[in-house]
Structure formats: structure tokens, C-alpha cells
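Here the structure is laid out as C-alpha cells; the discussion comes afterwards.
In this note's numbering, the protein residues as written are 330 to 470.
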């Protein structure tokens with residue numbers, strides 16, 4: 330369910346990921362011209378990991394899911410100004426970096442990439458967050 334704001338545009342976006350309902354959050358939310366995308370993994374609707382053992386493929390999938398959320402809330406890849414990539418200890422940072430470059434080289438957003446203790450969910454190697462600032466709309470005062 331993607332409720333509409335006063336402008337008629339959705340201000341929340343949910344995809345088919347199991348985690349959202351279980352934990353009570355949206356894949357993404359929009360306030361004015363800002364879009365924040367929640368931590369996103371390469372997981373199937375039932376929560377199982379996609380592309381087991383392949384950090385680059387998981388990163389590319391997570392980024393694609395993030396960008397679908399941005400687009401659903403009226404943004405584009407060009408509006409992305411900040412990304413965060415969280416890696417499980419066994420993840421290949423070079424593969425994650427390559428997938429990030431493939432998606433964002435033309436935009437070159439600010440980025441943080443770091444290893445964390447682990448991911449919630451077996452086989453998940455990476456989680457991605459995205460922030461976007463939609464430039465082409467007037468924001469009501």
C-alpha cells in the first residue's frame with residue numbers, strides 16, 4: 330500500500346519484501362522533496378537471500394530495488410545524493426564497489442561503505458540505503 334500525500338503523490342512505498350510487514354516500516358518514504366530508502370537487501374519475498382555468495386549480484390539487486398522505490402516516489406537516479414553500503418564480514422567489498430559504480434558512476438553520490446558484524450537473514454551479504462533530493466518540483470512552503 331502506498332498512501333498518497335496531500336499532493337496526491339504517494340509518500341510511502343512498500344515492495345514485496347517480507348521484512349516490512351514484520352518490522353513495521355516502508356521500503357521508502359518521501360517528505361517534501363526528500364526521499365529516504367530503507368536498508369535494502371537482495372532477498373526474495375519470503376526473506377531468503379538471492380544470488381547466494383555473490384556480493385556484486387546482491388549489491389546490484391539491492392540498488393535496483395532502491396532505485397525502483399525512488400522512482401515510485403517521483404525521483405530518478407540523478408536525484409540520488411547519498412548511499413550507504415553495509416557489508417557482512419564475508420562480503421567482497423570490491424564486488425560491492427563495482428556494482429555501486431555500475432549504478433551510480435554518472436551521479437557520483439556521497440557514499441559510505443563499511444563492514445558490519447552481520448546481516449539479519451541467512452546468506453545476505455549486503456544492505457544498501459539511498460537518499461534522494463528531487464530537484465524538479467516546487468516544494469510548498
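Every residue gets a Cβ at the ideal spot worked out from N, C-alpha and C, and that includes glycine.
**Asked** Would residue 556 pass as a contact of residue 397 if the rule is Cβ separation under 8 Å?
**Response** Because residue 556 is not part of the residues shown, which for the chain are 330 to 470, the question remains open.
**Asked** Leaving out the 5 sequence neighbours to the left and right, which residues in its chain are closer than 8 Å to residue 380 when beta-carbon positions are compared?
**Response** 371, 386, 387 and 390
**Asked** Which first and last residues belong to the alpha helix (DSSP H) in which residue 350 is found?
**Response** 347-352
**For residue 406, three-class secondary structure by DSSP** = helix
**Asked** Measuring CA to CA, which of 343, 429, 459 and 453 is closest to residue 355?
**Response** 343
**Message:** Could you tell me which whole beta strand (DSSP E) segments of length 3 or greater appear in the segment 379-437?
**Reply:** 409-416
**Prompt:** In whole angstroms, what is the alpha-carbon distance linking residue 405 and residue 365?
**Reply:** 13 Å
**Asked** Are the beta-carbon atoms belonging to residue 384 and residue 445 less than 8 Å from one another?
**Response** no
**Neighbour-count burial assignment, residue 352, 16 or more Cβ in a 10 Å radius** = exposed
**Request:** For residue 368, name the three-state secondary structure that DSSP assigns.
**Result:** strand
**Asked** Mapping DSSP to helix, strand and coil, what is residue 374?
**Response** coil
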